[in-house]
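Read the structure below first, then the notes.
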Amino acid sequence: MQRPGSHRLRGGRVSESGRLYLLTTTTRNRTPLFKNFRFARTVVQQLRFSEESKACRSLAWVLMPDHLHWLIELGPTNLGTLMCGFKSRSSCALYKVGADRRHIWQTSFHDRALRREEDVRAVARYIIANPIRAGLVRRAGEYPHWDCVWL
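Going by the numbering used here, the sequence shown opens with residue -5, and the numbers climb by one from there.
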């Protein structure tokens, strides 16, 4: 039986290779772990590994102090497997660079499949502007933990 908040897809979710998804996940208790530059870059390496391993194609992402927004094109896997692998690898990597040995991430994640007619670049701009809306910087270029294939 599936636990609420598990990494598996909740009822009604569809995981379709080649489809675009906006994924959001938070740190456990919204702890701002990624104010630590080294911790943030460690997680960024794991985002890149997900793409290098062909699990997904990253279109845009921003790692905020306590959460991640990640726009992807899903590869030949499913969302649950992608996110479980990313969270597991990033947690292990964070422990190796000095993070406290405790749960790093909330157990669940939020996903939104983009419709074919949606303006994907507008979604990417929205993601990249997160640090501005949060008052962390005045311009996106001032924030070090983001990337976008169009910028």
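Backbone N, C-alpha and C fix where the C-beta goes; we use that ideal spot for every residue, glycine too. Only a predicted model underlies this, so the values are computations on that prediction, with no experimental measurement involved.
Residue interval of the alpha helix (DSSP H) (run including residue i)
i	result
arginine 35	31 to 46
isoleucine 98	No alpha helix (DSSP H) contains isoleucine 98, which DSSP labels as neither H nor E.
arginine 24	Premise fails: arginine 24 is in no alpha helix (DSSP H) and is neither H nor E.
serine 82	73 to 90
Spatial neighbours of residue i in its chain, beta-carbon cut-off 6 Å, leaving aside the 5 residues before and after
i	result
alanine 108	A quick correction: the sequence has leucine, not alanine, at residue 108. For leucine 108, where only same-chain residues beyond five positions count, the Cβ hits under 6 Å are Leu14.
leucine 62	Thr19
asparagine 72	Ser9
DSSP state of residue i mapped onto helix, strand, coil
i	result
alanine 116	helix
leucine 108	coil
glutamate 136	helix
leucine 57	strand
arginine -3	Any reading at arginine -3 must be qualified, since the residue scores a pLDDT of 44, below 50, and its modelled position is unreliable; the value itself is stated next. DSSP places arginine -3 in coil when its eight states are reduced to three.
serine 52	strand
leucine 145	coil
Residue span of the beta strand (DSSP E) that contains residue i, given as start and end
i	result
threonine 20	14 to 20
Assumed close pair residue i, residue j - CB separation to whole angstroms, cut-off 8 Å
i	j	result
arginine 106	leucine 16	5 Å
phenylalanine 28	proline 70	With a Cβ gap of about 29 Å, phenylalanine 28 and proline 70 do not count as contacting.
leucine 88	threonine 21	Actually they are not in contact, since the Cβ atoms of leucine 88 and threonine 21 sit about 10 Å apart, beyond 8 Å.
Residues near residue i in its chain [Cβ-Cβ closer than 7 Å; skip 5 each side]
i	result
phenylalanine 103	Leu17, Thr18, Thr19 and Met77
valine 38	Leu57 and His139
alanine 93	Leu27 and Phe33
Beta-carbon proximity list for residue i, same chain, < 8 Å, skipping 5 on both sides
i	result
methionine -5	Model confidence at methionine -5 stands at a pLDDT of 37, short of 50, so the residue's coordinates are unreliable; what they give is reported in the following sentence. Correct list: empty, nothing qualifies.
Residue i beta carbon near the ligand MN (any heavy atom closer than 8 Å)
i	result
histidine 139	Because no ligand of any kind appears in the structure shown, any question about the ligand MN cannot be addressed here.
Three CB pairs or more closer than 8 Å across the region 45 to 57 and the region 112 to 123
The region 45 to 57 makes contact with the region 112 to 123, as at least three CB pairs between them are under 8 Å.
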